[in-house]
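Some notes on the structure that comes next.
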Amino acid sequence: MVINIVAKRDGKWYVLSEDGSKILGGPYDTKAEAVKRLRQIEYFKNNKEAGQMEFITTNLTGMVRNDTMEGREYLVVPMIMMVEGVLNGSNGPLYYPAEELEKVPQVWNHKPIVVYHPEMNGRALSACDPDIITNRKIGVIMNTTFDGKKLKAEAWLEPDRVAAVDERISEALEQNKMMEVSTGLFTENEEAEGEFNGKPYKAIARNYRPDHLAILPDQIGACSIADGAGLLRTNARGYLPTIEKALKYLGVNELSHSDLRDQLFSAIQSKETPNNPVWIADVYDNYMVYELGGKYYKQSYLVDDSDQVKLVDSPAEVKREIVYSTLQSNKENEMNKEEKVAEIIKNTAWTDEDKDFLMGLEDNQLDKMLPVKNEEPEEKPEENKGEGEPEEKPAEQAPEQNKEETAEEFIAKAPAELREVLKDSLQTHAQKKAGLIEKIVANEKNIFTKEQLSSMSVNELNAIAALAAVEEKKPTGAANYFGQAPVGNAAESKEEPLVAPTLNFGEEK
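Each residue of the sequence shown is one higher than the last, beginning at 251 in the numbering used here.
As structure tokens, this is what we get:
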């Protein structure tokens, strides 16, 4: 019996065929609309009552669901990260026993899921690094459990991060395709050679300390899909021999850098014992440099028409030297603020009296005001020039060199976000200067004219104004004679003066 299903894809609901290959209805905004359409399809197909039908509801695919955590939307994908067995990882073939896999599986929860294993110079790095998380993290591991011989978990993926980092993962999920995964973990390796299920190993991995899980869109994991692991089923250095043979028939036109490095690693490691691990340091067009036992060796190689690597000649011991060259924008070429201001005053319409204003601007504003210098070609030795011959200069350049740019012209050429700042600052500067000039001229002891003061900088005007400060006269009130006796006014007096008495001493008549 064919059973159609209702599924959610990209936020919309659809009616799909059982295998999800055909869209029979949709898109719909709600699940109820999709279910209604499914009942109609089944009714006409089977000519039965709608209530007697069977149907299955899924999210996106039969294995992926939508969920939220901390208020954020996630695509939740089941996966098997590891299975008991011998895995040929970056440290060679190691046996991962079931008793170690089942030890506290919860320690894997909330470890980052990244695209590819982070590496530098061939050495593995921790994915719990701010830069790696910013650029390569697409989700976290959750709900880790151990079931029999398999370490199972859920990949909680952020849709926007998946789309930004690698869209191939989104496409695989939509098409219900499994993808390779690879675990990144720290182990304590117990030296013990043996064999498990016909596969030899050189040590037993114990006491796992998880770091991350890597999704490999185009690589094969050490614990691969063929071994029972993988994303959408429910680690990644060396390829399994059967997988290596299968890859030869994929029809890749060119040998990729990672494939080349892997073939070189296999060719070198096959010449050494498992106890002597080889590390490929650098790979060049026709030779490589590898490390063995703390020493570096140079080994030449060739790639034939069938993209197979062949080692040629014997390896030669070399000394590794790393040189870090200084970038062109070094410190000695950078100007400080005073040098920038001096350069602007020297080569533009700004003058020394504008220095205070310019020093008050930010460095990024000064950078936009610096004159653009045309790069001049390096002077070559004058081999063909005769002695004493003057160097000819175009006559047209002289007027252009002597032409000075006004402040208004300079501001007009400035970036739009800087023009208003320059205009306002220039106006404030002019008002401040005019105020200082008026203050100095108002002083009775001033000997400068306004024209002389106008040619001075604000610093000079501040100094003169401080030395010749105008003493402001305090206002005096009207005289107050309250309490004093009134003053007489002889001019307005109408009283006759008294006659002074006289005494006569003559004989009486």
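Ideal Cβ positions, reconstructed from N, Cα and C, are used throughout, including at glycine.
Per-residue burial, E688 [other beta carbons within 10 Å of its own, 16 or more giving buried]: By the 10 Å Cβ count, E688 comes out exposed.
Please determine if the region 337–349 and the region 383–393 are in contact, where contact requires at least 3 C-beta pairs separated by less than 8 Å. no
Expressed to the nearest angstrom, what Euclidean distance is found between the alpha-carbon atoms of P409 and H360? 17 Å
Assign W406 to one of three DSSP states: helix, strand, or coil. strand
Going by the beta-carbon positions, is the gap between A405 and I382 smaller than 9 Å? no
Which residues share a DSSP beta bridge with D397? K400
Mark S432 as exposed unless 16 or more other C-beta atoms lie within 10 angstroms of its C-beta, in which case mark it buried. S432 should be labelled buried.
Grouping DSSP H, G and I as helix and E and B as strand, with all else coil, what is N447? coil
How is P213 classed by DSSP in three states: helix, strand or coil? Nothing can be reported for residue 213: it is not among the residues displayed for the chain, which extend from 251 to 759.
When you compare only the Cα positions, how much space is there between Y366 and K400? 22 Å
For the putative contact between Y264 and A282, defined by C-beta atoms under 8 Å, what is the C-beta separation to the nearest angstrom? With a Cβ gap of about 14 Å, Y264 and A282 do not count as contacting.
Checking the sheet assignment: what are the DSSP bridge partners for E323? T318
Grouping DSSP H, G and I as helix and E and B as strand, with all else coil, what is G543? Here DSSP, grouped into helix, strand and coil, assigns G543 to coil.
The alpha helix (DSSP H) spanning E567 covers which residue range? It is not in any alpha helix (DSSP H) - E567 instead sits in the beta strand (DSSP E) that spans V559 to V568.
Please say whether G610 and S675 have beta carbons closer to each other than 9 Å? yes
Per-residue burial, Q549 [other beta carbons within 10 Å of its own, 16 or more giving buried]: buried
Provide the residue(s) that pair with N534 in DSSP beta bridges, ordered along the chain. The identity of residue 534 in the sequence shown is Tyr, whereas the question assumes Asn. None; Y534 has no bridge partner.
By the 10 Å Cβ neighbour count, where 16 or more other Cβ atoms means buried, how is E350 classified, buried or exposed? buried
Pick from A666, K587, E522 and G544 that is closest to A531, judged by C-alpha positions: G544
From M585, V562, V539 and E588, residue whose alpha carbon lies closest to that of V568: V539
So, under 8 Å CB-CB, G559 and Y551 are touching, yes? Tell me the CB distance rounded to an integer number of Å. The displayed chain sequence assigns Val, not Gly, to residue 559. Yes, V559 and Y551 are in contact; Cβ-Cβ is about 6 Å, under 8 Å.
Residue nearest to R259 in terms of C-alpha spacing, selected from N426, I330, S556 and D602: Ranked by Cα distance from R259, the options N426, I330, S556 and D602 are led by N426.
Name the two residues that bound the continuous alpha helix (DSSP H) containing K258. Unbroken run through K258 is the beta strand (DSSP E), I255 to R259; no alpha helix (DSSP H).
Inter-stretch contact (C-beta, 8 Å, three-pair minimum) for the region 452–467 and the region 430–444: yes
Might you give, ordered along the chain, the residues of its own chain that have their beta carbon closer than 8 Å to the beta carbon of D613, omitting 5 neighbours on each side? K587 and K590
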